[in-house]
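Asks:
Number of protein chains: 4
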Amino acid sequence: METKKLCFASDYMEGAHPEILRRLLETNLEKTAGYGLDEYSESARAKIRAACAAPEAEIHFLAGGTQANAVVIGALLRPWQGVIAAETGHIAAHEAGAIECSGHKVLPIRQHHGKIAAADVRRCVDDWRRDGNRDHIVMPGMVYLSQPTEYGTLYSLAELEDINRACREAGIPLYLDGARLACALGCPANDATLPDIARLCDAFYIGGTKCGALFGEAVVFPKPGTAPHFFTVTKQRGALLAKGRIAGVQFDALFTDGLYAEAGRSAVAAADRIRAALAEKGYRQAVPSPTNQIFLSLDPDQAAALSQKVEMSFWENAPDGRVVMRIATSWATTPADVDALIAAL
Amino acid sequence: METKKLCFASDYMEGAHPEILRRLLETNLEKTAGYGLDEYSESARAKIRAACAAPEAEIHFLAGGTQANAVVIGALLRPWQGVIAAETGHIAAHEAGAIECSGHKVLPIRQHHGKIAAADVRRCVDDWRRDGNRDHIVMPGMVYLSQPTEYGTLYSLAELEDINRACREAGIPLYLDGARLACALGCPANDATLPDIARLCDAFYIGGTKCGALFGEAVVFPKPGTAPHFFTVTKQRGALLAKGRIAGVQFDALFTDGLYAEAGRSAVAAADRIRAALAEKGYRQAVPSPTNQIFLSLDPDQAAALSQKVEMSFWENAPDGRVVMRIATSWATTPADVDALIAAL
Amino acid sequence: METKKLCFASDYMEGAHPEILRRLLETNLEKTAGYGLDEYSESARAKIRAACAAPEAEIHFLAGGTQANAVVIGALLRPWQGVIAAETGHIAAHEAGAIECSGHKVLPIRQHHGKIAAADVRRCVDDWRRDGNRDHIVMPGMVYLSQPTEYGTLYSLAELEDINRACREAGIPLYLDGARLACALGCPANDATLPDIARLCDAFYIGGTKCGALFGEAVVFPKPGTAPHFFTVTKQRGALLAKGRIAGVQFDALFTDGLYAEAGRSAVAAADRIRAALAEKGYRQAVPSPTNQIFLSLDPDQAAALSQKVEMSFWENAPDGRVVMRIATSWATTPADVDALIAAL
Amino acid sequence: METKKLCFASDYMEGAHPEILRRLLETNLEKTAGYGLDEYSESARAKIRAACAAPEAEIHFLAGGTQANAVVIGALLRPWQGVIAAETGHIAAHEAGAIECSGHKVLPIRQHHGKIAAADVRRCVDDWRRDGNRDHIVMPGMVYLSQPTEYGTLYSLAELEDINRACREAGIPLYLDGARLACALGCPANDATLPDIARLCDAFYIGGTKCGALFGEAVVFPKPGTAPHFFTVTKQRGALLAKGRIAGVQFDALFTDGLYAEAGRSAVAAADRIRAALAEKGYRQAVPSPTNQIFLSLDPDQAAALSQKVEMSFWENAPDGRVVMRIATSWATTPADVDALIAAL
């Protein structure tokens, strides 16, 4: 079937990393237990625990990111609580109300290039605490952030540590959405490792769908028992995979020989080459993202012209009349793809 | 990794039918749109429409069965309505309260070998209608059944038509859970075809996970628009697959050259051979299932002894002190597997 | 306005006990804090604590019974849990799915004359515990019963103690719906006092609406903190009364000089006279209720004839072809009302 | 019991208008049907229909405002929709997440003195419509506003007509929260009558709790059938009053001889006298409210001093370091109360 030549619309346009397919093929006719109770899922868990330096971690494989967010947030919040998130956070803006559908308010706070600041978390919690009407108001019950953010930016280790402190002070858990975590881990500018994340977060997920897998996200609770009866909760939310081993085999492959970080590294390297060319040719970026997503600020004519040659994602109409378009690379982006794009710019 | 020799615990213990893996491999590096808007998903939809003789059908690919049930039922019911189901129906008994979690009551009615009768549907609706307090009671808002049922039994075409009539009379939709639909379609005893199902049901799903796919269920609304904004509803429930094409490719393969029905046929044929051997050796079946599941009624000692040799599924402790164990075959069950099982009996 | 002469359809047909209205009138123009933080609510709480011999009890005033049930059950259950109740229990049958609407399954168990048995609670919990698939099944998370029951019958103290033990063994809370608790407390056959109930239950409510108040139910948690942030939870569920003092004044009156139990006593005494007359005249009772509700089993002609003279409540069509009609008395039923009814029989 | 002398903390500190209590007393021992099916509720409905010039209107009596909002909004929205509201709207800020608890997102838009503008409603809807990702985003499904607003300000008739047009263009219903509607109707500055509101809104509620009743809000659907099965939905949400007639009698009294508007007029007149005195004495108002609420902007010392003499409501800490305190009058505020307050200023 035909596809557009220069296709940079998203990082989930291909299938899986060939190594993952190879392993699925290799193990295809083995018989294993269902629901993630199989040996491959166990092996993947062991490797993820090792990569996170979190030997006790409880790990569940879910199918997708919105699902992982809704199930984890629903499992960690009590009914009277809401979740603090950037006003541009994925759960606040682009999940069709999945969090509210499970009964909880998203408490939006301001953001800068997609990132929230510990000071704003503290202010949100303090405002609630000092409000004479606080018993009539949703209690901030956890903090959600994503790494990289919705705009491809990264939290530094220091920033994560500060947000972690704000959460500890408030007595609420910190949850990190790692839909594209490989692209953070594989980014030269990144200084927050998987063990850092496991040390600083109460829950997070390691994204598979956008980082080389056919589908699948690994939800990690560094301290076991953080979300009681999580298996049943995933079942209840329709998030339990009968053939859990298909996710297990994939994560087992991703966490063998550093494939996961490598998938991110390769995507970011491709984006870096594109960024350099864009700068050289005078294109303007809407956000200084260092990872695999590039947000171009184009005037409408420019946007239309470039869209003839390159499939990008429409992001938003900026208040200044310009259009923001997203270019995304993935583990599958080849040097030839990048060359062609640069030629088209 | 090691697995038990004779493994008949379920029909989701292997990966995917080799033809599916072949197609995933073949298409792996193509770039397509996300969220099921790709050419493979479209091709799969066209083939399913043809197989169902439902040229207008609206089709969505979801990841799993509990998810499909909860999303479809939640989309079809209004807040004041509940869903009629066999007291042993999957949604009533084995989905961890997924339907209630989305706000609706399951209205259990009696069953025989897992099947409900049109007369009982009519009685349930009439009881509500004639109840002076009906405005204080959950209104029966749809009917759920599965084909094959939880006990592997089949509705005849006449029975489905009668239940359809009961639903029409009541003005409520009929929904069919086809987690193992291939095993109905591939069963010699079956007389209800896919076009029959599409004609008689307002919604149904064609199960992939237990019928040859890695994962995935195809939700079919024979009349488009039956569930408005269903795309957004699936997103909100965490059921929208980013790489929707992975499900699309699988269903495209399943509905090419009759693979889907063949997968069922082969599983049922294996089960038939086992059933014949069981009968010959004097084993008792708890339910006369003609499909790929066999429910053995064993005394506890017998159950323990057989479990040494064969991995089965514990089903239930019967009131008569006997134990019900399930033997399940799949598209992947080989003649050698069956021979070995028969030898072990 | 005209009303039928002999009106025994329910126990919520009149306004409030005159003493309550007197107190509302007397305090009407005083200014107090809202949301139940006023002196009258505090005074009512103190009197209820004393009456319950539960000096630490946390007490909230809600508007109605279905609301109280849904809010308390929603507050005590975790997402993966359901509530055990008699299949005829109010929450199972007559609350329009309020419990399911808040995300939880009602787990029905068999009943006798509206009562559940400790043995069946134990069986329900054990069945879940011993089920190999229990992680796929709703966990029994609390027990609901009502005193008197839906059929006006009473649990003896011994029965309540046994159910309490079953709950302790299971580690789950016991909740008692006391919509008509005054009629239990005021019944000669009753041997379970308010202090017994406070000692044996983790939560219960003392019904006002059907026991002399304009509206209002007092939710009691004998141990404070049983349901964290309950104030906010009631607000979130729309159950927080802005003028909480209106409920407070009413319960303050009901728990002054024994008015609450007296309201029940008087209703039951009226019902006892009716029961004696019914027995004498050969009427058959469907259930041997000793409280303020009488369930007559009538043949359809008899039902129609009696309905000409007496307004009763239709209850149900019995399987034997007879009709069950309910006669209810209240604190407001006068000896003359009873005389007239007896004459009409 | 003792209360502070000068008490202006809220407009729900007293009981009911004496005329209401008189009618409750007068009708107390009559027997009527439950659940709002009685003659008094019918009479109140007839009078409200007349006052609204909406002869077909469907009217339900609920207990409180948060409840009315949650039940009506939940009944009008479909699962994929959210409700547009001022970011300061009661449902957005002060209802403990009641709307989210019922599964829907509040879509906040900017406000000026508590009011939203039709242009912003149009922008919100257009943004959704033109968003390429709109199927991943909550659809704006209705508009919520309150009259008076959270800050006591009023929409003019022209503004309401403009917002109505915006809703018609978008094809979504307009809902008006009239918790203090009497204070709008009784305000000299108001030009939107009850018939205007009934003509322009798809649903609204006429507040009783804050306008003279013990409790109760009259939900009005000018076109019957706007919210199907609303009776059952209120039952399911715990909002159905068993003794519905108690609300009926109150609204019957409120809509006899213009009592409702008079209750508002008298409260606003008292507030007007206070406003004049405040202006004269150089106090600053945070918001130019013309109704029964006055929002004073005080420096912290001033706030502390005045609080010694007058019980006000803390509203918020303003960004400029000043404190906003609310003074509220009610139908029960006497000229002597006002004199004493003015003397204390």
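Protein chains in written order, with this note's numbering: chain P, 57 to 401; chain R, 57 to 401; chain S, 57 to 401; chain U, 57 to 401. Positions of the beta carbon are idealized from the N, C-alpha and C atoms, including for glycine. Being a predicted model, the structure only gives us computed values, none of them experimental.
(1) Tell me which residues share the same chain as P/LYS337 and place their Cβ nearer than 8 Å to its Cβ, disregarding the 5 neighbours each side in the sequence.
(2) Assuming P/GLY121 and P/SER158 make a contact with CB atoms under 8 Å, what is their CB distance in whole Å?
(3) Between the stretch 179 to 210 of chain U and chain P, which residues of the former have a C-beta closer than 7 Å to a C-beta of the latter?
(4) Evaluate the contact criterion for the stretch 236 to 253 of chain U versus the stretch 146 to 165 of chain U: three or more CB pairs, one atom per stretch, below 8 Å.
(5) How about U/ALA141 and U/TYR200: are their beta carbons less than 8 Å apart?
(6) How is the alpha helix (DSSP H) around U/TRP184 delimited, first residue to last?
(7) Should R/ASN246 be flagged as near chain P, meaning a C-beta pair shorter than 8 Å?
(8) Quick test of your reading: S/VAL366 and S/LEU62, contact by CB under 8 Å. State the CB separation rounded to the nearest angstrom.
(9) Tell me, please, whether the CB atom of U/LYS87 is closer than 8 Å to any CB atom in chain S?
(10) Short of 7 Å in beta carbon distance, which residues of its chain neighbour S/HIS285, apart from the five on each side in sequence? Order them along the chain.
(11) With a Cβ-Cβ cutoff of 8 Å, do U/THR312 and U/LYS103 count as a contact?
(12) Between R/SER66 and chain P, is the shortest Cβ-Cβ distance under 8 Å, so that the two count as touching?
(13) Can you name, in chain order, every residue of its own chain whose Cβ lies under 7 Å from the Cβ of S/SER353, other than the five neighbours on each side?
(14) So is R/CYS63 in contact with chain S if we call contact Cβ pairs under 8 Å?
(15) Name the chain S residues that come within less than 8 Å of U/CYS157, Cβ to Cβ?
(16) So, does the stretch 255 to 272 of chain S touch the stretch 154 to 172 of chain P, judging by three or more C-beta pairs under 8 Å?
(17) Could you say if the stretch 78 to 87 of chain S and the stretch 224 to 232 of chain S meet the contact criterion of at least three C-beta pairs nearer than 8 Å?
(18) Check each residue of the stretch 122 to 144 of chain U: if its Cβ is closer than 9 Å to any Cβ of chain R, include it; give the result in chain order.
(19) So, does the CB of P/THR282 fall closer than 8 Å to a CB anywhere in chain R?
(20) Does the stretch 177 to 185 of chain S touch the stretch 207 to 226 of chain S, meaning 3 or more C-beta pairs lie closer than 8 Å?
(21) Within 10 angstroms of its Cβ, does R/LYS291 collect 16 or more other Cβ (buried), or is it exposed?
(22) Tell me whether the beta-carbon of P/THR347 lies closer than 8 Å to the beta-carbon of P/ARG190.
(23) Taking only beta-carbon positions, decide if R/LEU237 is within less than 8 Å of chain A.
(24) Drop a sphere of 10 angstroms on the beta-carbon of R/GLU58, count the other beta-carbons inside from all chains shown, and report buried for 16 or more, exposed for fewer.
(25) Kindly indicate which three-state DSSP category U/GLN341 falls into: helix, strand or coil?
(26) For R/ILE193, which of helix, strand or coil comes out of DSSP?
(27) Quick one: which chain R residues come within Cβ less than 9 Å of U/HIS285?
(28) Just mark R/THR209 as buried or exposed, buried being the case when its beta carbon has 16 or more other beta carbons within 10 Å.
(29) Using 10 angstroms around the beta-carbon of S/SER66, count the other beta-carbons present and answer buried if the total reaches 16, otherwise exposed.
(30) In the DSSP assignment, the beta strand (DSSP E) including R/LEU362 goes from what residue to what residue?
(31) Which residues in chain R have a C-beta closer than 9 Å to the C-beta of S/HIS150? List them in chain order.
(32) Give me the chain U residues within the contact set of R/VAL289, using Cβ-Cβ distance strictly less than 8 Å, ordered along the chain.
(33) Give the straight-line distance between the Cα atoms of S/GLY153 and S/GLU143, rounded to the nearest whole angstrom.
(34) Return the first residue and the last residue of the alpha helix (DSSP H) that U/PHE307 is part of.
(35) Given a threshold of 16 other Cβ atoms within 10 Å of its Cβ, counted over all protein chains shown, does P/GLU82 qualify as buried or as exposed?
(36) Are R/GLY300 and R/ASP94 closer than 8 Å when you measure CB to CB?
Replies: Let me spell this out:
(1) Here residue 337 of chain P refers to the residue found at position 281 when the first sequence is read from its first residue. If we look at P/LYS337 and ignore the five residues flanking it on each side, its Cβ neighbours are LEU401.
(2) On the first sequence, position 65 is the one that residue 121 of chain P refers to. On the first sequence, position 102 is the one that residue 158 of chain P refers to. Rounded, the Cβ-Cβ distance is 15 Å, inconsistent with contact.
(3) GLY188, ASN189, HIS192, ILE193, VAL194
(4) no
(5) Mapped onto the fourth sequence, residue 141 of chain U falls at position 85. Mapped onto the fourth sequence, residue 200 of chain U falls at position 144. Result yes, Cβ atoms of U/ALA141 and U/TYR200 sit closer than 8 Å.
(6) Here residue 184 of chain U refers to the residue found at position 128 when the fourth sequence is read from its first residue. That run of the alpha helix (DSSP H) goes 174 to 186.
(7) Within the second sequence, residue 246 of chain R is the residue found at index 190, counting from 1. False, the Cβ-Cβ gap to chain P never drops below 8 Å.
(8) One-based indexing of the third sequence puts residue 366 of chain S at position 310. One-based indexing of the third sequence puts residue 62 of chain S at position 6. Sure, about 4 Å apart at Cβ, within 8 Å.
(9) Counted from its first residue, the fourth sequence places residue 87 of chain U at position 31. Output row for U/LYS87: interface = yes.
(10) Position 229 of the third sequence holds residue 285 of chain S. Hits under 7 Å: none found.
(11) Taking the fourth sequence and counting its residues from 1, one reaches residue 312 of chain U at position 256. Taking the fourth sequence and counting its residues from 1, one reaches residue 103 of chain U at position 47. For U/THR312 and U/LYS103, yes; Cβs fall inside 8 Å.
(12) For the purposes of this step, residue 66 of chain R is identified with residue 10 of the second sequence, where counting begins at 1. R/SER66 counts as touching chain P.
(13) Along the third sequence, one-based indexing puts residue 353 of chain S at 297. So the qualifying residues of the chain are ARG340, GLN341, ALA342, ALA374, ARG378, VAL380.
(14) Numbered from its first residue, the second sequence carries residue 63 of chain R at position 7. Not one chain S Cβ lies under 8 Å of R/CYS63.
(15) For this step, residue 157 of chain U is matched to residue 101 along the fourth sequence. Result: GLN292, ARG293.
(16) no
(17) no
(18) GLY130, ALA131, ARG134, PRO135, TRP136, GLN137
(19) Taking the first sequence and counting its residues from 1, one reaches residue 282 of chain P at position 226. No, its Cβ sits nowhere closer than 8 Å to a Cβ of chain R.
(20) yes
(21) Locating residue 291 of chain R in the second sequence gives position 235, counting from the first residue. Result: buried.
(22) On the first sequence, residue 347 of chain P is found 291 positions in, with the first residue counted as 1. On the first sequence, residue 190 of chain P is found 134 positions in, with the first residue counted as 1. Not in contact: P/THR347 and P/ARG190 (Cβ atoms no closer than 8 Å).
(23) Chain labels in this structure do not include chain A; the protein chains are P, R, S and U.
(24) Counted from its first residue, the second sequence places residue 58 of chain R at position 2. Any reading at R/GLU58 needs caution, since the residue's pLDDT is 42, under 50, leaving its predicted position unreliable; the model's value is listed next. By the 10 Å Cβ count, R/GLU58 comes out exposed.
(25) Position 285 of the fourth sequence, counted from the start, is the residue given in the question as residue 341 of chain U. Three-state result, U/GLN341: strand.
(26) The residue given as residue 193 of chain R occupies position 137 in the second sequence. R/ILE193 falls in the coil class under three-state DSSP.
(27) Here residue 285 of chain U refers to the residue found at position 229 when the fourth sequence is read from its first residue. Within 9 Å Cβ-Cβ: ARG134, PRO135, TRP136, GLN137, ASP191, MET195.
(28) What you label residue 209 of chain R is simply residue 153 of the second sequence in a count that begins at 1. Under this definition R/THR209 is a buried residue.
(29) Taking the first residue of the third sequence as 1, we reach residue 66 of chain S at position 10. Answer is buried; the Cβ neighbour count reaches 16.
(30) Looking up residue 362 of chain R in the second sequence gives position 306. R/LEU362 -> not in any beta strand (DSSP E); alpha helix (DSSP H) instead, spanning 356 to 365.
(31) Locating residue 150 of chain S in the third sequence gives position 94, where the first residue counts as 1. The contacting residues are ASN189, HIS192, ILE193.
(32) Taking the second sequence and counting its residues from 1, one reaches residue 289 of chain R at position 233. Those are PRO135, TRP136, listed as they occur along chain U.
(33) In the third sequence, counting from the first residue as 1, residue 153 of chain S sits at position 97. In the third sequence, counting from the first residue as 1, residue 143 of chain S sits at position 87. The straight-line gap from Cα to Cα measures roughly 13 Å.
(34) Counted from its first residue, the fourth sequence places residue 307 of chain U at position 251. Here the alpha helix (DSSP H) through U/PHE307 covers 300 to 310.
(35) Along the first sequence, one-based indexing puts residue 82 of chain P at 26. With fewer than 16 other Cβ atoms within 10 Å, it is exposed.
(36) Counting from one through the second sequence, the residue named residue 300 of chain R turns up at place 244. Counting from one through the second sequence, the residue named residue 94 of chain R turns up at place 38. Yes, they are a contact pair.
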